[in-house]
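Protein chains in written order, with the UniProt record's numbering: chain U, 1 to 132; chain C, 1 to 132. To keep things clear, I will list the structure first and then write my remarks on it.
Structure below.
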């Protein structure tokens, strides 16, 4: 397992325009990660990555997160089969957020509640409506 | 301005399957918000909302965030013209993340660096490549 840390961007220009992946982890050592379906564009879930999870995601092409509730590395789908194969990884301007375009394996789902996406509820007329 | 707080879901079922918007703000009083282009599906940016920003977003149909760097309410586009008209608002299973599908106004951009999306850099062959 690779544990070498990511570099720290020396200045704003390097952070925003540089070609080095220099994630700005928060005080808890995490960046936020958005998983988008590579084919449909649907937003599947939002989770967090520590440096190890990000490195493993980059190196293996399979999405790894950090579970804040369990306080441990989380290879998404390891038990459910809903592995996420990473088609593309992007970082935002100030490198505190990661976007991964993924192809969910197994039953194609991403959400523990049973929906394909975690964002299965829409705000309509003052209440949340499920759209499976 | 409405400042009444959002309800707190009484249990897991209400949180995950209920029809009440009961956001789980973090210790800083924030939920993470992903803005997706309503027409193209492109992920434009990731930012944060406090209760006031979320309420204003829901009530006005214009995206409001909370700027962590300026520590204040941030009506996106107020100075740049890049207002984001909200087409749809979704919440995730455990209600600590919000997805808004928006139509950016002004020049259609969302990123302060000048790109349409903040996620303008793709990880390719061990480095970040800009894709404008």
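No residue lacks a Cβ here, since even glycine has one placed at the ideal position from N, Cα and C.
Cβ distance (whole Å) where residue 33 of chain U is taken to contact residue 98 of chain U below 8 angstroms: 4 angstroms
Inter-stretch contact at 8 angstroms, needing at least 3 Cβ pairs: the stretch 77-85 of chain U / the stretch 115-125 of chain C: no
Collapsed DSSP secondary structure at residue 130 of chain C in the structure displayed: strand
Test item: CB-CB of residue 82 of chain U and residue 109 of chain U under 7 angstroms: yes
Buried or exposed (CB count within 10 angstroms, at least 16 for buried), residue 43 of chain U: buried
Cβ-based neighbour list, residue 132 of chain C, same chain, cut-off 7 angstroms, excluding 5 preceding and 5 following: 115 and 120
For residue 95 of chain U, the nearest candidate out of U/11, U/23, U/35 and U/17 (CA to CA): U/23
Exposed unless 16 or more other CB atoms sit within 10 angstroms - verdict on residue 16 of chain U: buried
Distance between beta carbons of residue 64 of chain U and residue 48 of chain U, contact taken as under 8 angstroms: Not confirmed; about 11 angstroms, so no contact.
The beta strand (DSSP E) enclosing residue 34 of chain U, as first and last residue numbers: 31-37
Under 7 angstroms between C-beta atoms of residue 102 of chain U and residue 122 of chain U: no
Close-in-space but distant-in-sequence residues of the same chain around residue 7 of chain C (CB under 6 angstroms, 5 per side omitted): 20 and 22
For residue 86 of chain C, the first and last residue of its enclosing beta strand (DSSP E): 84-91
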